[in-house]
Structures are given as structure tokens and as C-alpha cells.
Amino acid sequence: MVIVSGINSVKYFKWSIYSGFGTKHEERTSRFWIDSEGVDQETYDANVPNQTLYRKAIGENYRISYVYKDSQGQNLYYEFDQGSLAENGQIFYYKNGVLTFMDNDSIGTVTSIAFHNDKPYFAGTFAQIRSSTGGSELDPSTPFIWDGNDLITTLPLPNQGSNFKGISTIYVENPETTYVGGRFGLPVYWENTNPVILDQRYGEV
11 MVIVSGINSV KYFKWSIYSG FGTKHEERTS RFWIDSEGVD QETYDANVPN QTLYRKAIGE
71 NYRISYVYKD SQGQNLYYEF DQGSLAENGQ IFYYKNGVLT FMDNDSIGTV TSIAFHNDKP
131 YFAGTFAQIR SSTGGSELDP STPFIWDGND LITTLPLPNQ GSNFKGISTI YVENPETTYV
191 GGRFGLPVYW ENTNPVILDQ RYGEV
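When you read off a place in the sequence shown, starting at 1, and then add 10, the result is the number in the working numbering.
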């Protein structure tokens, strides 16, 4: 059985292109389609329009992986840690395999990225290191948006609920309008810094 999840789609002229994750025999790999036909990544990349971002399957290093095709047609590869406490819990990411740190000593993770005119915008959470029966782990506390340089915007948690577990995704419509999905138990997202609860039932944006 093949299970596919994490679908991203792009409508481009006369066809649609899709990327996602497939699991077969407990092995998780990236999957790509043009319309309904499965293709390899090289064919997919050749047909992806410039300034397109898509996710890949989590690889052998257990990192969240994104590919961005910039305005010049070059692929940029971003990878994010999932809270392994590597680098003593400091906030970092990989760009084209190069380790890059947030320029302070904050603890937490970056878990999602979006682009606007080739400029990256990161979303993640500040956290505390907490001891548990299984050892130390990161306990997310405050979500944030980061421009990759000096500007960090923290996002207030909704008054309802107290089960904040991190950030799911970020979308940047323009530099003044961003949307961030939260893992909060309730289906929550932020429009800029304003939290919006969609329903009182369990869910995620």
C-alpha cells in the first residue's frame, strides 16, 4: 500500500503539478506528478515555474525539507530541525547544506518557510528545554515570524486552550500580510499578529 500526504499543488498554464510524500513498506519518499502522471524530481523541477516553493519528504537526517525555485530558475534547498536539541537547542536552519543560526542565543526551532519576491520568511517557536522521563525535550512557548535577519515578530497565543505544540506553515501574501498556521489543539491561524480560532473542535490549520 502507498499512502500519500503533504500534497502541494501549482496550477500552471494547461496543467497542474503536484508534490507530496509517499509511504511504502515503511519507507517515506517524495512523490511528484504532472496532472495525473507520476514523474521523477528532475522532470518535476523542469516544469515548476520560477518562484515556486514545495516540500519534500523528511529525509534520513529527520529534517523538514523545502525546495524553492527562485526567479532565476535556481533551486534553493532549506532544511529544518524538528526539535532534536542539536546545537544545544539554538535556533538554526540549513540552506543548501550550510548551517545558519539565528543571531542570538534563543532556544527553539524554525519549522516552516515562505517566500515573497525571492525573500524568505521563516516561522517557528521559541521554546524552553524541559526534563521528562525520556530525557530533555523542547517545550514550545511562543510562535514567531522571522525575516532571516534582524526582524522577529512574536505572535500572541489565543486565550482559549493551552495546548500549543508549534507552527505548521506560513504563507506570505505580501510583506505586510502574513498567515501562520498553529498546532494548538483547536484549528488556529494568525493573520499578521491576530490569532483566529476557526472552530471549538479539535483540529489544525
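Glycine included, C-beta positions come from ideal geometry on N, C-alpha and C.
Exercise. Check each candidate in Q170, S151 and K175 and name the one with the smallest Cα separation from G164.
Key: Note that residue 164 is Thr in the sequence shown, not Gly. With distances taken between Cα atoms, T164 lies closest to S151.
Quiz item: Taking the C-alpha atoms as reference points, what is the distance between D45 and Q51?
Solution: 14 Å
Quiz item: With respect to 6 Å, is the separation between the Cβ of S94 and the closest non-hydrogen atom of the ligand NAD below this value?
Solution: Absent from the structure shown: the ligand NAD. Ligands present: none.
Quiz item: Three-state secondary structure (DSSP) at I64?
Solution: Strictly speaking, residue 64 in this sequence is Tyr, with Ile absent from that position. Note: Y64 maps to strand in three-state DSSP.
Quiz prompt | Cβ contact check for the segment 148–162 and the segment 124–138: 3 or more pairs under 8 Å | solution = yes
Quiz item: If you draw a straight line from the C-alpha of V182 to the C-alpha of E37, how long is it?
Solution: 32 Å
Self-check item: Within 7 Å, strictly: CB atoms of S122 and T179
Solution: yes
Quiz item: What first and last residue would you give for the alpha helix (DSSP H) that runs through S199?
Solution: First, the amino acid is wrong: residue 199 is Tyr here, not Ser. It is not in any alpha helix (DSSP H) - Y199 instead sits in the beta strand (DSSP E) that spans L196 to E201.
Self-check item: Reduced DSSP category for D115 - H, G, I as helix; E, B as strand; rest coil
Solution: coil
Self-check item: Unbroken beta strand (DSSP E) run spanning Y212, endpoints
Solution: Taken as a continuous stretch (DSSP letters only), Y212 belongs to no beta strand (DSSP E), as it is neither H nor E.
Quiz prompt | Three-state class that DSSP yields for D80 in the structure shown | solution = coil
Quiz item: What is the DSSP secondary structure of D55, reduced to helix, strand or coil?
Solution: helix
Quiz item: Buried or exposed: I139, going by 16 or more other Cβ atoms within 10 Å of its Cβ?
Solution: exposed
Self-check item: Rounded separation between V190 and V206 - CA only
Solution: 10 Å
Quiz item: Does the beta-carbon of D160 have 16 or more other beta-carbons within 10 angstroms, so that it is buried, or is it exposed?
Solution: exposed
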